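Numbered by the working numbering, the letters in the sequence shown go through residues 1 to 473 in order.
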Amino acid sequence: MTKARLQAVILAAGKGTRMKSARAKVLHPVLGVPLVDHVVRTVQSLQPDPLMLVVGHQADAVEAAFSGRGLEFVRQDPPLGTGHALLAARERYAAHPDRTLLVVNGDVPLLRRETLSALLEAHRRAAAAATLLTALLDEPEAYGRVLRDGDGVRAVVEARDASADELKVREINAGIYAFEVAPLLEVLGALRPQNAQGELYLTDVVRLLRARGASVAAVAAADPREALGVNTGAELAEAARLLRRRRNESVMAAGASLEDPDTIHIGLDVTVEPDATILPFTILEGKTAVAAGACIGPFARLVDARVGAGAQILDHCLLRECVVDAGASVGPFAHIRPESHIGPRAKVGNFVELKKTHLGEGSKAPHLSYIGDATVGPAVNIGAGTITCNYDGTAKHPTHIEAGAFIGSDTTLVAPVTVGEGAYIGAGSAITEDVPAGALALGRARQVVKEGWVEARRKAAAGAASTAHGRKA
Ligand code: UD1
Ligand code: CA
C-alpha cells in the first residue's frame, strides 16, 4: 500500500456512558497508554494520509494526549452518533476522493495491523463501495448484527433495534470499515436519527449504499477477539488482559524469559532485551529498558528505568526515572527515585532510598539508608542507617562523598557537606563539616561508663522508700 492511497478516521468523540466514569472512555489507560492509542498506533502503522481523530467529549484532553503525533483533529460537538462523527470529518476526506477511507472505532484496542491489511485487501478485491470487518461470536450481545445476502451485506442492525430473529445472527459488526469516498459522500447526508438511541448511525450507511445499488462486502476477522469493543469497566479489564498476554508473548518470542507471564505487566513502550529475566508480579512501565542478562523481580515496579546488562533488581523494589548500570544490584525493598544513577557493579540493599543520587562504580549502600542529592564516588561503603540530611526546611543541599570513603553505620551527613577521598567516618556520627581526604571524623559524644551505677540507683531508691514509710507510721 503506497502512502497516498489510504486515509483514515478514528472515532473517539463518544462519552463512553457505560464506563460510568468522569474520564473519557478513550483515555482510560491500557498497558500504560490511552485505550485509543492502541488503535492510533495500529492504524498509523499503515501510514494513512491524513490520519484524522474525531474528538468531542473531553476533546481538549484527548487532543493534548495526542499532540505531536501527526494526527489531524476533527471536533464533533456534541457527539450525536458514529455516523455524525464521520460527517464531522467529511471535508477532510472529501479532499482526497481517490484515497480509500479506513474508519475505525476508537474503542477496539485489540485490532492488529495484519487484520486491517486483510480488510483493505478484501475491499480492493471485491471492488466494493464499502467493506466491513466482522467477527463470529457465540454471545454477540450488544454488537450490531451483520445481515448478509449472498457474499454481500444487506444491512447492519444495532442490537437495540433488532428483531428477535436478527438477534440470533452471530456475525457482528466490528466497527472497522473501508469506504470509497465518492459513494460514501453520496449517502452520508441521508442518515437520519430514527432508531432506539436517536443517533446518526454510521452502520445505516450500509443500507443506504445498497439502496443505491452499490456493493458492500464483509470480511471476518481470523481472531474474533480482535473485535472486542470496550464499553464497560469489565471489558476494559478483559482487553487489558488480552493485550498484556499478547505483549508478553512478543517479548518472550524476542528471547526474554518471563516467569509466570500472567502476573507480569510490560508497557507498550518498554524494551526487554533477549536473555533478560522477568520474575512474577513485576510491572515495567513507561520507557523502561531492560538489558540482556538482567533479572527483575519478583514484585518489582519500574517506571522509566534503564537497567544495564546483568543487573539485578530484587524483590519488592520501586524504581522511577533512573539508571542502573551493568552488574549492579538493587533491593530487596529499595526505592530508587528520579534522577538517580547507580554505577556499574554498585549495590543498593534493603530498605534504602535513593533520590537524585549518583552512586559510583562498585559503591555500596547495603542497608537502611536515605541518600538524597548526593554524588558518591567509586568504591565507597555507606554503612547501615546512614542518612543525608539534604533538607534544612527551606532548601535542598548536596552531599559529596569521594572515592573509597567509608561511612560508618548510623551516620548523619548534614548537607551541604563533602567527605574527601578515602576518609573514614566513625559510626553514629553527625557530620556537619567537610571531612578532608584520608581523615577520620568522629561527630558524636564520647561514651561515658559509670561503674556500679545500677546497684547504686537501686540502693538509693530503697532508702527513699523506707524514709517515706517511716514518716507515715
Ligand atoms: C458500534 C456500532 C456497532 C458495532 C460496535 C462495535 C454504530 C451505530 N454501532 O456500536 O454496530 O457492533 O460499534 O464495537 O456505529 N463515537 C464518536 N462520536 C459519537 C459516538 C461514538 O466519535 O457521537 C465513537 C466512540 O468514541 C467510540 C466509537 O465511536 O470510539 C463507537 O461508539 P460506541 O458508542 O461505542 O458504539 P457501539 O454502541 O459500541
Ligand atoms: Ca463500542
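In this text, a Cβ means the ideal position worked out from N, Cα and C, and glycines have one as well.
Keep in mind the model is a prediction, meaning the values are calculated, not measured.
{"Query": "Which of helix, strand or coil does DSSP assign to Asn390?", "Result": "coil"}
{"Query": "Under a criterion of Cβ closer than 5 Å to any non-hydrogen atom of ligand 2, which residues qualify, in chain order?", "Result": "Asp107, Gly229, Asn231"}
{"Query": "Is the Cβ-Cβ distance between Ile382 and Ala395 less than 8 Å?", "Result": "no"}
{"Query": "How would you call Leu27, buried or exposed, if buried means at least 16 neighbouring beta carbons within 10 angstroms?", "Result": "buried"}
{"Query": "Cα-Cα, which of Leu200, Thr357, Ala214 is closest to Gly377?", "Result": "Thr357"}
{"Query": "Consider the C-beta atom of Gln532 and the heavy atoms of ligand 1; say whether any pair is separated by less than 7 Å.", "Result": "Lying before the first or after the last residue shown, residue 532 is absent from the chain, which here runs from 1 to 473."}
{"Query": "What residue from Ser429, Val454, Lys459 has the CA that sits closest to Ala445's CA?", "Result": "Ser429"}
{"Query": "Please determine whether the Cβ atom of Glu186 lies at a distance below 7 Å from any heavy atom of ligand 1.", "Result": "no"}
{"Query": "Helix, strand or coil, according to DSSP, for Lys347 in the structure here?", "Result": "strand"}
{"Query": "Mark Ala211 as exposed unless 16 or more other C-beta atoms lie within 10 angstroms of its C-beta, in which case mark it buried.", "Result": "exposed"}
{"Query": "If we count the other Cβ atoms within 10 Å of its Cβ and call it buried at 16 or more, is Pro436 buried or exposed?", "Result": "exposed"}
{"Query": "Quick check: the Cα distance between Ser117 and His38, rounded to an integer number of angstroms?", "Result": "16 Å"}
{"Query": "Within the same chain, show all residues whose beta-carbon is closer than 6 Å to that of Leu120, passing over the 5 residues directly before and after it, in chain order.", "Result": "Ala178"}
{"Query": "Would you say the beta carbon of Gln58 comes nearer than 7 Å to a heavy atom of ligand 1?", "Result": "no"}
{"Query": "Please indicate yes or no: does the CB of Ala234 lie closer than 7 Å to some heavy atom of ligand 1?", "Result": "no"}
{"Query": "Once you ignore the five residues that flank Gly144 on each side, which residues in its own chain have a CB closer than 6 Å to its CB?", "Result": "Val156, Glu158, Asn173, Thr203"}
{"Query": "Out of Pro50, Val153, Asn231, Leu71, point me to the one whose CA is closest to Arg99's CA.", "Result": "Pro50"}
{"Query": "Quick check: the region 101-117 against the region 228-244, are at least 3 beta-carbon pairs closer than 8 Å?", "Result": "yes"}
{"Query": "State the beta-bridge partners of Leu53 as determined by DSSP.", "Result": "Ile10, Phe73"}
{"Query": "Of the residues Val348, Lys347, Ile401, Asp410, which one's Cα is nearest the Cα of Leu373?", "Result": "One point to set straight first is that residue 373 is Asp, not Leu, in the sequence displayed. Checking every option, the nearest Cα to that of Asp373 belongs to Ile401."}
{"Query": "Can you tell me whether Glu171 is buried or exposed, with buried defined as 16 or more other CB within 10 angstroms of its CB?", "Result": "buried"}
{"Query": "Between Leu368 and the rest of its own chain, which residues show a CB-CB distance below 6 Å, the 5 nearest in sequence each way excluded?", "Result": "Phe351, Ala384, Gly385"}
{"Query": "Looking at ligand 1, does it come within less than 7 Å of Thr42, judged from the CB to the closest heavy atom?", "Result": "no"}
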